[in-house]
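The sequence shown maps to residues 7 to 327 in the numbering used here.
C-beta atoms are modelled at their ideal positions from N, C-alpha and C, and glycine is treated no differently.
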Amino acid sequence: MESIRAPVAEDLRAVTELIVTELSSDVPLIRTIAQHITQGGGKRLRPLLVLLTAKAVGYDHDTEHHELAAVIEFIHTATLLHDDVIDRSELRRGQRTANAIWDNSASVLVGDFLYSRAFQILARRSHIAVMKVLANTTNQIAEGEVLQLMHRHRTDITETHYCDVIRRKTAQLFSAAAEIGAMLGSKTDTFRKPLADFGLHLGMAYQIIDDLLDYTSDSATMGKNVGNDLAEGKVTLPLIHALHHTEPSLIPRIHQAIQHGDLTHWSDVLDALQTTQAYRYTLDRAKQHAQSAQSLLASLPLSPYRQSLSALTEFTVQRNS
């Protein structure tokens with residue numbers, strides 16, 4: 007990742023400093039919880055997207071790209087705080103979640119603070135077009151979360167259902183980050199849709215790989231418990247594929263695992279994933295989105311920033327955490 011970040015390394019440092027500054031509040035618990043999660047070792051992929059896309063299309067102005075990168079990170083962090091409450095998660099990035107330490111109420115409220123702080127930063131610039139993009143994005147994220155909640159513990163979830171959820175709750179923010187970069191860096195809308203679509207495909211690939219790793223990785227590498235998705239009743243792409251292709255005798259046990267969050271039949275689930283080549287299928291679907299993302303970069307001028315965007319796309323499907 008260091009080589010990918012290199013062209014905007016100074017910008018990323020400035021974004022990190024800005025994030026620390028913008029977490030200021032005269033309410034001590036807000037500062038404590040916000041610092042706990044924002045300084046917890048995240049990849050900062052979404053702010054990176056803002057910076058790289060803006061520079062790739064010619065941005066060379068003041069520090070507005072830093073502010074918008076911080077806004078994207080605050081929105082993402084707010085979703086993590088809310089997600090961990092909904093999922094009752096106790097571990098993220100190798101450390102205890104905020105809700106496990108301070109309780110659900112505090113986590114939800116600090117998530118709300120981060121959302122509102124993001125829009126406070128936006129209001130300083132009066133950038134109405136960017137506000138529209140992010141208002142739509144946060145709405146899509148909320149809808150995706152509700153859809154995912156509705157789909158829990160259901161055995162009839164299809165790949166179409168799954169893709170609709172991850173497009174809203176994950177890929178849409180990647181898309182917004184890339185689109186905002188294009189809006190900052192270009193005086194015309196030439197690159198806006200291609201980069202928004204690039205971000206969407208990148209986000210789809212990222213989430214599909216994340217869901218694959220929940221079955222193939224380990225807790226030490228992931229920084230969270232593997233098997234969480236099944237335990238929470240989330241039916242993701244590997245399991246959807248396995249359910250449609252496994253031998254009939256395994257289906258009742260897999261259904262029980264989904265309906266009750268029961269990991270008693272974990273080994274049966276893993277067998278079904280293996281024998282149906284669900285891992286390969288899932289990886290191939292992620293690669294298809296990555297290839298679509300790569301093709302959309304062709305319209306950009308050649309530069310170190312475009313090269314990093316291409317490398318980021320490759321990293322997304324090759325990562326192990």
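8 angstroms CB neighbourhood of residue i in its chain, flanking five on each side removed
| i | result |
| --- | --- |
| His159 | Gly239, Ile264, Gln265, His266, Gly267 |
| Ala104 | Ile39, His42, Ile43, Leu87, Asp90, Ala112, Ser113, Val116 |
| Leu269 | Gly233, Leu236, Ala237, Ala263 |
| Gln126 | none |
| Ile246 | Ile163, Thr164, Glu165, Tyr168 |
Collapsed DSSP secondary structure at residue i in the structure displayed
| i | result |
| --- | --- |
| His266 | helix |
| Gly48 | coil |
| Lys240 | coil |
| Lys199 | helix |
| Met189 | helix |
| Tyr172 | The sequence given here places Ile at residue 172; Tyr does not occur at that position. The answer is helix: DSSP assigns Ile172 an H, G or I state. |
| Leu218 | helix |
| Ile163 | coil |
| Asn145 | helix |
| Thr22 | helix |
| Arg37 | helix |
| Leu29 | coil |
| Arg259 | helix |
| Ser223 | coil |
| Ser327 | coil |
| Thr194 | coil |
Range of the contiguous alpha helix (DSSP H) that encloses residue i
| i | result |
| --- | --- |
| Asn328 | As displayed, the chain neither begins before 7 nor continues past 327, which places residue 328 out of reach and without an answer. |
| Glu253 | Looking at the DSSP string, Glu253 is not in any alpha helix (DSSP H), and its letter there is neither H nor E. |
| Ser9 | 8 to 11 |
From the options, residue whose alpha carbon lies closest to that of residue i
| i | options | result |
| --- | --- | --- |
| Glu351 | Asp93, Leu179, Leu58 | The chain is shown only over 7 to 327; residue 351 falls outside these bounds and no answer can be derived. |
| Thr69 | Thr44, Phe180, Val21, Leu140 | Val21 |
| Asn110 | Ser301, Ile92, Ser132 | Ile92 |
| Pro254 | Gln313, Asp274, Cys169, Pro244 | Asp274 |
| Gln262 | Thr161, Gln297, Ser316 | Thr161 |
| Ser122 | Ser309, Ile246, Glu28, Leu208 | Glu28 |
| Glu8 | Leu256, Arg37, Ser31, Leu51 | Leu51 |
| Val63 | Thr282, Ala184, Val139, Ile260 | Ala184 |
| Asp297 | Glu320, Thr282, Ser305, Leu276 | Checking the sequence, you will find Gln at residue 297 rather than Asp. Closest option to Gln297, Cα to Cα, is Glu320. |
| His250 | Ile163, Thr85, Leu219, Asn231 | Ile163 |
| Gln101 | Leu318, Tyr65, Arg130, Gln45 | Gln45 |
| Leu24 | Ala12, Pro34, Ile36, Glu79 | Glu79 |
| Ala211 | Lys193, Gln294, Leu279 | Gln294 |
| Gln313 | Gln324, Val323, Gln300, Arg325 | Gln300 |
| Ser132 | Arg19, Glu73, Val56 | Glu73 |
| Asp195 | Thr144, Ala248, Val136 | Val136 |
| Leu18 | Ser30, Gly48, Leu306 | Gly48 |
| Ser67 | Lys138, Met189, Asp170 | A small correction: the amino acid at residue 67 is His; Ser does not occupy that position in the sequence shown. The shortest C-alpha separation from His67 is found at Met189. |
| Ile10 | Pro53, Ile186, Val77, Lys199 | Pro53 |
| Asn326 | Tyr221, Pro310, Thr282 | Tyr221 |
| Gln154 | Ile134, Val139, Thr176 | Thr176 |
| Pro310 | Leu55, Val56, Lys61, Arg37 | Lys61 |
| Gln283 | Arg259, Thr252, Trp272 | Thr252 |
| Pro34 | Val152, Ala75, Arg98, Trp108 | Trp108 |
Residues near residue i in its chain [Cβ-Cβ closer than 7 angstroms; skip 5 each side]
| i | result |
| --- | --- |
| Leu243 | Glu165, Tyr168, Ile214, Asp217, Thr288, Arg291 |
| Ser181 | Ala202, Gly205, Leu206, Gly209 |
| Thr322 | Leu208, Ala211, Tyr212, Ile215, Ala296 |
Cutoff 6 angstroms; reference residue i; Cβ partners in own chain excluding five residues on either side
| i | result |
| --- | --- |
| Arg174 | Gln146, Glu149, Gly150 |
| Ala84 | Gly117, Leu120, Tyr121 |
| Gln178 | Thr143, Gln146 |
Any C-beta of chain B under 7 angstroms from that of residue i
| i | result |
| --- | --- |
| Val232 | The chain inventory of the structure shown lacks chain B, comprising one protein chain alone. |
Ignoring anything shorter than 3 residues or poking outside the region 62 to 133, list the beta strand (DSSP E) runs there in chain order. Runs found: none.
Fully enclosed by the region 262 to 321, which beta strand (DSSP E) runs are 3 residues long or longer? Uninterrupted beta strand (DSSP E) stretches at least 3 residues long and entirely within the region 262 to 321 do not occur.
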